[in-house]
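Using my numbering, the first residue of the sequence shown is number 2, and each one after it goes up by one.
All residues carry an ideal CB built from backbone N, CA and C; glycine is no exception.
If you're wondering where the values come from, they're calculated on a predicted model, not measured in any experiment.
Inspection log for the structure reproduced underneath, given as structure tokens.
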Amino acid sequence: MEAVVFENVNKVFARGEVAAEDVSFSIKKGEFVFVIGRSGAGKSTLLRLMSAQERTTSGRIWVNGQELDRIPEKKMPYFRRQIGVMQSDLGLLDDRTLFDNVYLSVIATEQQGRKGKRRVESLLRAMGIIDRARFYPREVSMGEAARALLARAMVIGPSILIADEPTANLDPDASWDLMCLLTELNRQGITVVVASHNQELVSIMRRRVITLSAGRLVADEKNAVYNVRAADAMEERRILHEREYRKQNGTLSDHSDRGGGQPE
Ligand SMILES: Nc1ncnc2c1ncn2[C@@H]1O[C@H](COP(=O)(O)OP(=O)(O)O)[C@@H](O)[C@H]1O
Ligand SMILES: [Mg+2]
């Protein structure tokens, strides 16, 4: 069974920035996948499309068998519980303890009370930060804060975890600890999708690696090491050059944005 399917997905933002171009791939339930590529390659957009935070310009996406464009608005809260999201623009609230930061997400699922609190505790324990439960974000290390973000993403009981550069601010030890936690969640059956810049970590992990370049999927390898060649600047320039050429010939003009994006 597929956890995620992208079929000819395009995403063009209001000012013409192409973040995804004819992207097709699928991820099986229980897989662990890295999404890599240079800054601006479209990693975050791909993850945000997957979690329905962003709508496609064209193409189709299925998550756990549901086509995203066909989920009725009133079923969205239920859909969102199937996907745990860890991304840097969704940080911890400074004025709440780690426990309360995680508990907030439990409240969103209406699982309040003793049961919800026990769930938060068990996750903080699993993440190795139960002794930091009553600390505020400024009182803990970056690694501990990252693990609290992971606990918050997982507390809703998702089957898929999406993490956008989860080790971006972490030193090598803390990065490695976080990868071990992601591996453990994956071993428990969670489908894990991680956007990462961290060449060394991606290489060590030997997992499936999807490489993006200028919005295009340029490589998809099992047990891969970081594909430096595919992520290479020359490849990006080649795609941009080709796109500019096609633009002048009008072939991209039918990808008008239907307003799902949020132009600043
Ligand atoms: N909300 C947005 N509005 C306009 N352009 C965007 C938006 N988000 C991303 N982009 C553009 O889409 C491209 C891919 O960005 P992004 O997905 O953030 O890449 P990455 O995460 O790989 O660095 C970039 O050219 C970026 O400028
Ligand atoms: Mg990004």
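Classify Phe100 as helix, strand or coil using the three-state DSSP reduction. Looking at Phe100 - three-state DSSP - the assignment turns out to be helix.
For the putative contact between Ala196 and Ser27, defined by C-beta atoms under 8 Å, what is the C-beta separation to the nearest angstrom? The Cβ separation is near 17 Å, so there is no contact.
Please return the same chain residues whose Cβ sits closer than 8 Å to the Cβ of Thr98, not counting the five positions on each side in sequence. Here Thr98 has Ala134, Arg135, Phe136 and Tyr137 as same chain residues with Cβ atoms under 8 Å from its own Cβ, once five neighbours each way along the sequence are excluded.
Does the beta-carbon of Thr46, which I'm using as the reference point, lie nearer than 8 Å to any heavy atom of ligand 1? Yes, since a heavy atom of ligand 1 falls inside the 8 Å radius drawn around the Cβ of Thr46.
If we ignore side chains and look at the alpha-carbon of each, how far apart do Gly60 and Glu245 end up? Each residue's alpha carbon lies about 21 Å from the other.
Where in the stretch 184–220 do unbroken runs of the beta strand (DSSP E), each at least 3 residues long, occur, reported from the N-terminal end onward? 192–196 and 209–214, all fully within the stretch 184–220.
Just the C-alpha distance for Gly262 and Ser176, rounded to the nearest angstrom, thanks. Any reading at Gly262 must be qualified, since the residue scores a pLDDT of 43, below 50, and its modelled position is unreliable; the value itself is stated next. In this model, Gly262 and Ser176 are separated by some 31 Å (Cα to Cα).
Am I right that Arg120 and Val156 are in contact with their C-beta atoms under 8 Å? What's the rounded C-beta distance? Contact between Arg120 and Val156 holds, with the beta-carbon distance rounding to 6 Å and staying under 8 Å.
Among all the DSSP beta bridges, which residues are the ones paired with Gly66? Gly66 is not bridged to any residue.
Mapping DSSP to helix, strand and coil, what is Lys30? Taken through DSSP and simplified to helix, strand or coil, Lys30 comes out as coil.
Less than 8 Å between the CB of Ala215 and some heavy atom of ligand 2, yes or no? Because no heavy atom of ligand 2 lies under 8 Å away, the Cβ of Ala215 does not count as near it: no.
How should Asn199 be labelled, buried or exposed, when 16 other C-beta atoms within 10 angstroms of its C-beta is the threshold for buried? Burial call: buried.
So, is the C-beta of Ala53 closer than 9 Å to a C-beta in chain D? Absent from the structure: chain D. Only one protein chain is present.
What does the alpha-carbon distance come out to for the pair Ser25 and Gly216? Put simply, the backbone Cα of Ser25 is about 12 Å away from that of Gly216.
Determine contact between the stretch 178–195 and the stretch 156–170, defined as no fewer than three beta-carbon pairs at a distance below 8 Å. Yes, the stretch 178–195 is in contact with the stretch 156–170.
Label Ile62 either buried or exposed according to how many other C-beta atoms from any shown protein chain fall within 10 Å of its C-beta, with 16 as the threshold for buried. It counts as buried.
At a threshold of 8 Å, does Glu237 count as lining ligand 2 (C-beta to nearest heavy atom)? Glu237 Cβ: outside cutoff for every heavy atom of ligand 2.
Grouping DSSP H, G and I as helix and E and B as strand, with all else coil, what is Ile130? Note: Ile130 maps to coil in three-state DSSP.
Beta-bridge partners of Glu8, as assigned by DSSP: Beta-bridge analysis with DSSP links Glu8 to Arg61.
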